[in-house]
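Per this note's numbering, the very first residue in the sequence shown carries number 140; after that it's consecutive. Glycine residues also receive a C-beta, built at the ideal position from the N, C-alpha and C atoms.
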Amino acid sequence: MAWWQHPEDQDTPPVTIERLTEWYEQQGYKYGVDGDDERQYVVSGFGGFGVIMEITRAGLLRVHGLYDVDMSVSEENRSRLDSVCCCYNENALFPTLYSEADDTGLQIRSDFVIPVGRGANGKQLSSYIYTMLDATLDALRTARLDLGLEPNQEAD
140 MAWWQHPEDQ DTPPVTIERL TEWYEQQGYK YGVDGDDERQ YVVSGFGGFG VIMEITRAGL
200 LRVHGLYDVD MSVSEENRSR LDSVCCCYNE NALFPTLYSE ADDTGLQIRS DFVIPVGRGA
260 NGKQLSSYIY TMLDATLDAL RTARLDLGLE PNQEAD
């Protein structure tokens, strides 16, 4: 039977940082909590990719993926990253990929958001997080493959 057909699953407590970290602990994943009183988020890493999870003020669960691409900042490299991101975005609804540049070089970023303002029961929240995390990591792996880059071998 589906979760919505179980009366005991009708309770949908607020989605909080504590519930996100509880999910990480249940999975046995390493994580940290960062931020301040205004904004807290869960930080983790998987296979060379960074992941930030937060609950926004608008009641959205946001999974933000980070991939530090081993490429220098140049117009040619930026164009290449933009092309990979654009191609991915044309073929997938979620997450959205885009490129960023800073003093350390180029990055590919991803964003995936879903509304959780009305809360979520345990099964719903677990499903949301797993789906969002899996889609985010798959998108970043696809971008890495499309760029012809090798996986980062650092342990997370």
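Quick check on the burial criterion: 16 or more other C-beta atoms within 10 angstroms. Buried or exposed for residue i?
i      : result
Ala197 : exposed
Pro152 : exposed
Glu303 : The chain is shown from 140 up to 295; residue 303 falls before or after that span and cannot be answered.
Pro290 : exposed
Pro234 : buried
Tyr227 : buried
Cys225 : exposed
Leu159 : buried
Val255 : buried
Gln292 : Any reading at Gln292 must be qualified, since the residue scores a pLDDT of 43, below 50, and its modelled position is unreliable; no value is offered.
Thr243 : exposed
Ser238 : buried
Leu109 : No answer is possible for residue 109: the residues shown for the chain start at 140 and end at 295.
For residue i, which residues of its own chain have a beta-carbon under 7 Å away from its beta-carbon, when the five flanking residues on both sides are left out?
i      : result
Tyr206 : Phe188, Gln246, Ile247, Leu279, Ala282, Arg283
Gly174 : Tyr180
Val212 : Ala240, Gly244, Leu245
Arg257 : Thr151
Check the C-beta distance from residue i over to residue j and give it rounded, since I have them as a contact under 8 Å.
i      : j      : result
Met271 : Val208 : The Cβ separation is near 22 Å, so there is no contact.
Leu199 : Ile253 : 7 Å
Name the DSSP beta bridge partners of residue i, please?
i      : result
Asp250 : His203, Thr235
Tyr180 : Asp173, Glu193
Asp241 : Gly244
Val208 : Leu245
Suppose the cutoff is 6 Å on Cβ atoms and the five residues either side in sequence are ignored; what does the same chain contact list for residue i look like?
i      : result
Asp250 : His203, Pro234, Thr235
Tyr170 : Tyr163, Val181, Ser183
Glu177 : none
Just to confirm before moving on: does the CB-CB distance between residue i and residue j stay below 8 Å?
i      : j      : result
Val182 : Ile194 : no
Val154 : Ala259 : yes
Should residue i be counted as a contact of the ligand PLP given a C-beta to heavy atom distance under 7 Å?
i      : result
Gly189 : As far as ligands go, the structure on display features none, and thus does not contain the ligand PLP.
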